[in-house]
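For the sequence shown, the positions run 8 to 379 when my numbering is used. The beta carbon of each residue, even a glycine, is placed where N, CA and C say it ideally should be. Report on the structure given below.
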Amino acid sequence: MKNKFLDRIQSFELLRDNIKLFLSNYPEINEKIFFHFKIYEAITKQSQQNKWFTPHYIVQALEGIVFMLESSNIKCFTKYYQDIFLQEIDKIETIFVISAGNIPLAAFHDFFSVLISGNKFLGKLSANDSILLPILAELLCELDPYFSDKIRFVESIQNGSNQKKSDLYDKVIATGNNNSAKYFEYYFHKKPLLLRKNRNSIAILDGSETKEQISRLSKDIFSYFGLGCRSVSKLYLPTNFNIIGFIETIQSYSTYNADHHLYLNNLEYQKTIFLMNQKPFYDAGSFILVEESSMSSPISIINYEFYDSLSKLKSSIENQSEQIQCIVVENKSTKEMIDTIDPLLSVPFGEGQFPSLLNYPDGIDIVKFCKL
Numbered sequence: 008m009k010n011k012f013l014d015r016i017q018s019f020e021l022l023r024d025n026i027k028l029f030l031s032n033y034p035e036i037n038e039k040i041f042f043h044f045k046i047y048e049a050i051t052k053q054s055q056q057n058k059w060f061t062p063h064y065i066v067q068a069l070e071g072i073v074f075m076l077e078s079s080n081i082k083c084f085t086k087y088y089q090d091i092f093l094q095e096i097d098k099i100e101t102i103f104v105i106s107a108g109n110i111p112l113a114a115f116h117d118f119f120s121v122l123i124s125g126n127k128f129l130g131k132l133s134a135n136d137s138i139l140l141p142i143l144a145e146l147l148c149e150l151d152p153y154f155s156d157k158i159r160f161v162e163s164i165q166n167g168s169n170q171k172k173s174d175l176y177d178k179v180i181a182t183g184n185n186n187s188a189k190y191f192e193y194y195f196h197k198k199p200l201l202l203r204k205n206r207n208s209i210a211i212l213d214g215s216e217t218k219e220q221i222s223r224l225s226k227d228i229f230s231y232f233g234l235g236c237r238s239v240s241k242l243y244l245p246t247n248f249n250i251i252g253f254i255e256t257i258q259s260y261s262t263y264n265a266d267h268h269l270y271l272n273n274l275e276y277q278k279t280i281f282l283m284n285q286k287p288f289y290d291a292g293s294f295i296l297v298e299e300s301s302m303s304s305p306i307s308i309i310n311y312e313f314y315d316s317l318s319k320l321k322s323s324i325e326n327q328s329e330q331i332q333c334i335v336v337e338n339k340s341t342k343e344m345i346d347t348i349d350p351l352l353s354v355p356f357g358e359g360q361f362p363s364l365l366n367y368p369d370g371i372d373i374v375k376f377c378k379l
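Listed below in structure tokens is the structure:
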């Protein structure tokens, strides 16, 4: 008997290879390969529909999917779940996924996890990110017709069906903000619910960072205009850290965002607010650096806070762990300290936007949720 789990894995590996081939030629496309034309067209349409989703960042999101599905990550994933997937699927359930629209292809990890677990994916995509994932789903179905009746996208949960809403799905994965979470908890209270709320990512520096390391950190900070939950919104800096030197080093890596009119409008607005309120801040030209205890920051602003000991910093992080998506850190001893809190929480500089298959949003295992 064929191992259906391995079949599904192989299909996603084929999807990865097709995306990888497309990216190797982009922005040129091989017109003989229909998928290349379709994804190129989807990138164009999505970037026109949502101005925050520039082709540059859509391509980065596709690169993230390729990384997520790389052989080494697939190997770790299959080893981690080998006991679960050796069992035959006794029941196929429909998992209703309500996705965020803050970054391109935000729902892909859920999409993969639901389908790889042998269940059906019912997706309600954000209006801000409604074009790209259906194109990848279409290719996946062409590569493996097994998925053809396992994937469905809806604009609303009713979607013209005569069935009761609750009969259309068995479990729910919902991503939203802290306000929408209350609505989701009420609306889906009769179903198993995996609920995600607001989270932010932080970086811990020790003052010895090289220009090359700062270059990699800049990707963690500025990617997707800082809109992702894995985008670094706050820096923890040692006492007497050279902030001016840091700004001078990182400025050259932040100019892409400053050329974007929506980002620039936000930047100018925030500068005006700070000036009106007479609140001290560092004007870095293309971003603002401000001393602030909050982990969350508006677009164009990076918060920072000083620390004088790792033990105090660890205590602070533990107290705010439910607000943290990931911690970007380069120093070995600092990483070891973070690993005592959660070994999957820390990532090296430059890898914050490239989670592996086991780096689940909010640290909640999607596959186990789907399989239970």
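Original post:
Would you call the stretch 234-254 and the stretch 352-362 in contact, with 3 or more CB pairs under 8 angstroms?
Top reply: Counting C-beta pairs closer than 8 angstroms gives three or more between the stretch 234-254 and the stretch 352-362, which meets the contact rule.
Original post:
Counting Cβ pairs closer than 8 angstroms, one from the stretch 141-151 and one from the stretch 170-189, do we hit at least three?
Top reply: no
Original post:
What is the rounded straight-line gap between the Cα of Pro199 and the Cα of Ile102?
Top reply: If I take the Cα positions, the gap works out to 10 angstroms.
**OP:** Have a look at Ser300, Lys241, Gly108 and Asp227 and flag the residue whose alpha-carbon is nearest the alpha-carbon of Thr182.
**Re:** Gly108
Original post:
Going straight from the alpha carbon of Ser230 to that of Leu13, what length do you get?
Top reply: 33 angstroms
**OP:** Quick one: residues in its chain with C-beta nearer than 6 angstroms to the C-beta of Lys52, no 5 flanking neighbours on either side, listed in chain order?
**Re:** Excluding residues within five positions, the ones whose Cβ falls inside 6 angstroms are Ile138.
**OP:** Counting only the same chain and skipping the five closest in sequence on each side, list residues whose C-beta sits under 7 angstroms from that of Ser133.
**Re:** Ser106, Ala107 and Gly108
**OP:** Assess, as a yes-or-no matter, whether the stretch 70-82 is touched by the stretch 22-30 under the definition of 3 or more beta carbon pairs within less than 8 angstroms.
**Re:** Segments in contact, yes.
**OP:** Would you mind sorting Lys241 into buried or exposed? The rule is 16 or more other CB atoms within 10 Å of its CB.
**Re:** Burial state of Lys241 is buried, judged by a 10 Å Cβ sphere holding 16 or more other Cβ atoms.
Original post:
In whole angstroms, what separates the C-alpha of Leu364 from that of Leu269?
Top reply: 32 angstroms
**OP:** Put Tyr367 into one of helix, strand or coil per three-state DSSP.
**Re:** coil
Original post:
According to the neighbour-count rule (16 or more other Cβ atoms, all chains shown, within 10 Å of its Cβ), is Tyr193 buried or exposed?
Top reply: exposed
Original post:
Is the beta carbon of Tyr264 less than 9 angstroms from the beta carbon of Ser304?
Top reply: Looking at the sequence shown, residue 264 is not Tyr but Asn. No, the pair does not count as a contact, with Cβ atoms beyond the cut-off.
Original post:
Alpha carbon to alpha carbon, how far is Asn169 from Asn207?
Top reply: Interpretation of Asn169 is limited by its pLDDT of 46, a score under 50 that renders its predicted location unreliable; the figure taken from the coordinates is listed afterwards. Cα to Cα, the separation comes out at about 40 angstroms.
Original post:
Using the C-alpha atoms, what's the distance from Thr256 back to Phe288?
Top reply: 18 angstroms
Subject >> Start-to-end residues for the alpha helix (DSSP H) that takes in Arg15 >> reply: Element bounds for Arg15: Lys11 to Asn32.
Subject >> Residues near Phe74 by beta carbon distance below 6 angstroms, same chain, minus five either side >> reply: Here Phe74 has Phe361 as same chain residues with Cβ atoms under 6 angstroms from its own Cβ, once five neighbours each way along the sequence are excluded.
Subject >> alpha helix (DSSP H) runs contained entirely in the stretch 214-299, provided each spans 4 or more residues >> reply: 218-229, 250-257, 262-265 and 268-284
**OP:** Using the Cα positions of Leu274 and Ser18, report the straight-line distance between them to the nearest angstrom.
**Re:** 43 angstroms
Subject >> Exposure label - Leu212; buried when at least 16 CB within 10 Å >> reply: buried
Original post:
Under the rule that 16 or more other beta-carbon atoms within 10 Å means buried, what is Asn247, buried or exposed?
Top reply: exposed
Subject >> DSSP three-state assignment for Phe313, whether helix, strand or coil >> reply: Phe313: strand per DSSP, three-state reduction.
**OP:** Counting only the same chain and skipping the five closest in sequence on each side, list residues whose C-beta sits under 8 angstroms from that of Pro245.
**Re:** Cβ within range, chain order: Leu212, Asp213, Gly214, Phe313, Tyr314 and Asp315.
Subject >> Three-state class that DSSP yields for Thr341 in the structure shown >> reply: helix
Original post:
Where does Ser353 land, buried or exposed, given buried means 16+ other C-beta within 10 angstroms?
Top reply: Ser353 counts as buried, since at least 16 other C-beta atoms from the protein chains shown sit within 10 angstroms of its C-beta.
**OP:** For Glu158, I'd like the list of residues in its chain whose CB is within less than 6 angstroms of its CB, leaving aside the five on either flank, ordered along the chain.
**Re:** The question names Glu, but residue 158 in the sequence shown is Ile. If we look at Ile158 and ignore the five residues flanking it on each side, its Cβ neighbours are Phe128 and Ala144.
Original post:
Where Cys377 and Asp156 are concerned, what is the direct C-alpha to C-alpha distance, given to the nearest angstrom?
Top reply: For Cys377 and Asp156, the distance between alpha carbons rounds to 18 angstroms.
**OP:** Return the CA-CA distance between Asp369 and Leu201, expressed in angstroms with no decimal places.
**Re:** 10 angstroms
Subject >> Length of the line joining the Cα atoms of Gln258 and Ile334 >> reply: Cα to Cα, the separation comes out at about 22 angstroms.
Original post:
Does DSSP put Ser208 in a helix, a strand or coil?
Top reply: strand
Original post:
Under a three-way DSSP split, which group does Ser124 fall into?
Top reply: Here Ser124 sits in coil by DSSP.
Original post:
Measuring CB to CB, does Tyr367 end up less than 9 angstroms from His116?
Top reply: yes
Original post:
What is the DSSP secondary structure of Lys378, reduced to helix, strand or coil?
Top reply: helix
Original post:
With 16 other CB atoms within 10 Å as the buried threshold, where does Ser322 fall?
Top reply: Flag for Ser322 reads exposed.
Original post:
Between Leu76 and Arg23, which are expected to be in contact by the criterion C-beta below 8 angstroms, what is the C-beta distance as a whole number of angstroms?
Top reply: 4 angstroms
**OP:** Could you please give the first and the last residue of the uninterrupted beta strand (DSSP E) stretch that includes Ala181?
**Re:** Lys178 to Thr182
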